[in-house]
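Visitor: Chains as they are written, first to last, in our numbering: chain A, 79 to 446; chain B, 79 to 446. Please find one structure pasted underneath; my questions will follow.
Quick look at the structure:
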């Protein structure tokens, strides 16, 4: 099987993360029930754990001696950091499903309807309140994994402090910038003619901010801990970071593709909501460029219409495909992977390098 | 003047914080405009800066040598940590004003109406989205102050790591617990008969979680950095922490009083909204206990009614006062200050101890 080693590695990591979760004493501090459930729910669900995986693979590439398990707390911290962004994103995007279950705010909306007897409006607000606070708690908990690791492993203290500093300033501000642009584009470019004047690089930059930045950080963290250096300009650290950064863009381009032509059961989240929310993707841009007036009118009427029927969604999906939007974006994703791979040329061969190469291919090839 | 030294100290600190704010390089990373404006707006407005003040005063009590300015970055970090809780609280409480200006979500709602041409519903959502992300950024930025300080001052690294760990696990989970209880009580105890069966200690515990916990942490951080120890059980650290913790409850009880009988212009936030939101305070509990059936009916009809008129608010305010709710809560606040002061008995006399004593009195005496 093409991704055999990668999938074995990922499922091993998934198991380790779930085991750690069971032993986490902090969870007993989380009160009341609503917060405890909301902080932990996404972590309990099956997931790919790609960011901690990239962290561990980058670390393994540069330090063959370090046992993976030593670095697990930092890997968990990275997964948790990613998780709070999901919880808050889901509020912002009004999404209902994540990883095969209800999103945090939706779950608490339903819970408070049943258990607290709130009315619809109150329950909606309560669900959102809990989700905001649960994400806040996750951000803090994530940082505690880094800090705790730095306290217990003094040979890594200096590097970890520099990593937290990077994460809590540049990385998070770029992530948030990307998230705001994503929301803003769906409003500002409602007018399709205006959207057609956007440069593709603006969309790609937004995707990079939203996703590439955290993948880059994951690789940078693994590589710098392996070398025990806080000189993040060291060539092999830069190489692994840039590699992960480019692959991150491909990951997000493929995410946009799956958001339109993916399979709900496999993805664990709804397909079609990107169209209803009017998400501004390279798929949409390319299709519009190739559309005739009639096709353009159909797309304009349905994209961004929150009440579009399933039939209308199917119609637009078909058009986006036939007008070459999907294929174009697929090729764009491939282009970023081709740009990423040469960064690995000076990295010594190892099982971890093999895993990273498989991961890169998987980024534009994945169905989930 | 009664609080002369304290006010001089607070205004000096305010000036220093505003000066630091101007030099903060991180601010240039904050994009787009909406995030930059939202992350910094509360910090630019006049404020009491009580939490960083308690931190510095506790530090000064145990280490007469340390120049206050050395510890300023940590003080700023504490203020910033407090600030993200305000931004997210304001969303949750649907508040419109804070520190004499619009709350972050309200400000961005108005901005997006004007500048992005959104409709009312979209603008409300956009304002909230930005406020969620701005608070997220502030939490991260706050931690970066601690981490940066730990990197640059290696003699404090160990203590700072333990402090971040405490803040990011116990302290934040208690804060969030308190916030959820506050929201939840307003729903669960809508039925006044049910509310009358609540034990006063439940309300006080909620106030302690919401406010006392962060005051306790501020004193603990100052004291432990002064002694350069991560043994937080050291008697003078415990004494200063418990002192601040009790005063924190008094602060919040007085906050509830000012939320009903305060002066809007002095407070910089609306008076009456606590009544409209149906906030469950010791004031309300005591007044209801002393009310006859007719008075109880009036209170029940108006408290928790979001559309109550100004006249109705005035009527309830008068009743809460005449039925002894205000006086009772004032005495309760005083009781906590009286319980707090003996904790200072083994702390050597100094200008900082004098400041802490003035601060304690100010907690239940303040009009703003």
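Note that beta-carbon positions come from the ideal geometry of N, C-alpha and C, so glycine has one too. It should be emphasised that the depicted structure is a prediction, and the values quoted were computed from it without experimental measurement.
1. Thinking C-beta only, is residue 253 (chain B) closer than 8 Å to residue 285 (chain B)?
2. Under 8 Å by Cβ, that's how I've got residue 318 (chain A) and residue 153 (chain A) pegged, so tell me the actual separation to the nearest angstrom.
3. Quick check: is the beta carbon of residue 286 (chain A) nearer than 8 Å to any beta carbon in chain B?
4. Mind checking residue 232 (chain B): buried by the 16 CB within 10 Å criterion, or exposed?
5. Please report the residue range of the alpha helix (DSSP H) in which residue 405 (chain B) lies.
6. Is residue 377 (chain A) near residue 397 (chain A), with beta carbons less than 8 Å apart?
7. Mind the definition here: the region 100-107 of chain A touches the region 91-100 of chain B only if three or more C-beta pairs lie below 8 Å; say whether that holds.
8. Would a check of beta-carbon distances place residue 293 (chain B) closer than 8 Å to chain A?
9. Which whole-angstrom value describes the C-beta separation of residue 226 (chain A) and residue 243 (chain B), a residue pair presumed to lie in contact below a C-beta threshold of 8 Å?
10. Does the beta-carbon of residue 392 (chain B) have 16 or more other beta-carbons within 10 angstroms, so that it is buried, or is it exposed?
11. Runs of 3 residues minimum, wholly inside the region 327-394 of chain A: which ones carry the beta strand (DSSP E) assignment?
12. Of the residues B:282, B:131, B:166 and B:294, which one's Cα is nearest the Cα of residue 117 (chain B)?
13. Three-state secondary structure (DSSP) at residue 213 (chain A)?
14. For residue 247 (chain A), which residues in chain B fall below 8 Å Cβ to Cβ?
15. Rounded to whole angstroms, what is the Cα-Cα separation between residue 130 (chain A) and residue 224 (chain B)?
16. So, is the C-beta of residue 145 (chain A) closer than 8 Å to a C-beta in chain B?
17. As an exercise, report each continuous alpha helix (DSSP H) stretch of at least 4 residues that is fully enclosed by the region 158-233 of chain B, in chain order.
18. Per the contact definition of three or more C-beta pairs closer than 8 Å, is the region 194-214 of chain A in contact with the region 186-205 of chain B?
19. With respect to the alpha helix (DSSP H) encompassing residue 309 (chain A), which residues constitute its N-terminal and C-terminal limits?
20. Cβ of residue 110 (chain B) less than 8 Å from any chain A Cβ?
21. Report the rounded CA-to-CA distance for residue 155 (chain B) versus residue 218 (chain A), giving the unit in angstroms.
22. Nearest CA to the CA of residue 336 (chain B): which residue from B:323, B:353 and B:325?
23. If I measure Cβ to Cβ from residue 122 (chain B) and keep anything under 8 Å in the same chain, skipping five residues before and after, which residues do I get?
24. Determine the extent of the alpha helix (DSSP H) in which residue 283 (chain B) is found, giving its start and end residues.
25. With DSSP as the reference, label residue 269 (chain A) as helix, strand or coil.
26. Measuring CA to CA, which of A:441, A:172 and A:263 is closest to residue 454 (chain A)?
27. With distances taken Cα to Cα, identify the nearest neighbour of residue 422 (chain A) among A:338, A:275, A:314 and A:221.
28. According to DSSP, simplified to helix, strand and coil, what is residue 125 (chain A)?
29. When burial is assigned at 16 or more other CB atoms within 10 Å of the CB, is residue 188 (chain B) buried or exposed?
30. Taking the beta carbon of residue 206 (chain B) as the centre, do at least 16 other beta carbons fall within 10 Å, making it buried, or is it exposed?
31. Shorter than 8 Å from the beta carbon of residue 240 (chain B) to some beta carbon of chain A?
32. Taking contact to mean 3 or more Cβ pairs, one atom from each stretch, closer than 8 Å, check whether the region 132-151 of chain B and the region 169-177 of chain B are in contact.
Guide: Let me spell this out:
1. To locate residue 285 (chain B), count along the second chain from 1; it is residue 207. To locate residue 253 (chain B), count along the second chain from 1; it is residue 175. Against a cut-off of 8 Å, the Cβ pair of residue 253 (chain B) and residue 285 (chain B) comes out as no contact.
2. The residue you call residue 318 (chain A) lines up with position 240 of the first chain. The residue you call residue 153 (chain A) lines up with position 75 of the first chain. Not confirmed; about 15 Å, so no contact.
3. Taking the first chain and counting its residues from 1, the one referred to as residue 286 (chain A) is at position 208. Not one chain B Cβ lies under 8 Å of residue 286 (chain A).
4. Taking the first residue of the second chain as position 1, residue 232 (chain B) is located at position 154. Residue 232 (chain B) is exposed by the Cβ-count criterion.
5. For this step, residue 405 (chain B) is matched to residue 327 along the second chain. From DSSP, the alpha helix (DSSP H) with residue 405 (chain B) extends over 403-418.
6. Position 299 of the first chain holds residue 377 (chain A). Position 319 of the first chain holds residue 397 (chain A). The answer is yes: Cβ separation under 8 Å.
7. no
8. Looking up residue 293 (chain B) in the second chain gives position 215. Cβ-Cβ to chain A under 8 Å: no for residue 293 (chain B).
9. Within the first chain, residue 226 (chain A) is the residue found at index 148, counting from 1. Within the second chain, residue 243 (chain B) is the residue found at index 165, counting from 1. In this structure, residue 226 (chain A) and residue 243 (chain B) form a Cβ contact; the two beta carbons are roughly 6 Å apart against a cut-off of 8 Å.
10. Within the second chain, the letter at position 314 stands for residue 392 (chain B). Residue 392 (chain B) is exposed by the Cβ-count criterion.
11. none
12. Sequence index remark: in the second chain, residue 117 (chain B) carries index 39 (1-based). Residue B:166 is the option with its Cα nearest to residue 117 (chain B).
13. Numbered from 1 along the first chain, position 135 holds the residue referred to as residue 213 (chain A). Secondary structure at residue 213 (chain A): helix, using DSSP grouped into helix, strand and coil.
14. Here residue 247 (chain A) is taken as the residue at index 169 of the first chain, counted from 1. In chain order: 104, 107, 218, 219 and 222.
15. As a position in the first chain, residue 130 (chain A) is number 52, starting the count at 1. As a position in the second chain, residue 224 (chain B) is number 146, starting the count at 1. If I take the Cα positions, the gap works out to 25 Å.
16. Indexing the first chain from 1 puts residue 145 (chain A) at position 67. No, no contact with chain B.
17. 182-193 and 198-230
18. Result no; under three Cβ-Cβ pairs closer than 8 Å.
19. Taking the first chain and counting its residues from 1, one reaches residue 309 (chain A) at position 231. Where residue 309 (chain A) is concerned, there is no enclosing alpha helix (DSSP H), given that its DSSP letter is neither H nor E.
20. As a working mapping, residue 110 (chain B) is identified with position 32 in the second chain. By this cut-off, residue 110 (chain B) is an interface position.
21. Here the question's residue 155 (chain B) lines up with position 77 in the second chain. Here the question's residue 218 (chain A) lines up with position 140 in the first chain. Looking at the two C-alpha atoms, the distance is approximately 14 Å.
22. Position 258 of the second chain, counting from 1, holds the residue named residue 336 (chain B). Distances from the CA of residue 336 (chain B) to each of B:323, B:353 and B:325 were compared; the closest alpha carbon is that of B:353.
23. Residue 122 (chain B) sits at position 44 when you count from the first residue of the second chain. The answer, listed in chain order, is 96 and 99.
24. The sequence position of residue 283 (chain B) within the second chain is 205, counting from 1. Secondary structure note for residue 283 (chain B): its alpha helix (DSSP H) is the uninterrupted segment 278-285.
25. For the purposes of this step, residue 269 (chain A) is identified with residue 191 of the first chain, where counting begins at 1. Note: residue 269 (chain A) maps to coil in three-state DSSP.
26. The question about residue 454 (chain A) has no answer here: the residues shown for chain A are numbered 79 through 446.
27. Against the first chain, residue 422 (chain A) aligns to sequence position 344. Nearest C-alpha to residue 422 (chain A): A:314.
28. Walking along the first chain from the start, residue 125 (chain A) turns up at place 47. Of the three classes helix, strand and coil, the one that applies to residue 125 (chain A) here is coil, per DSSP.
29. Along the second chain, one-based indexing puts residue 188 (chain B) at 110. Exposed is the call here.
30. Looking up residue 206 (chain B) in the second chain gives position 128. Residue 206 (chain B) is buried by the Cβ-count criterion.
31. Indexing the second chain from 1 puts residue 240 (chain B) at position 162. It does: the Cβ of residue 240 (chain B) has a partner Cβ on chain A nearer than 8 Å.
32. no
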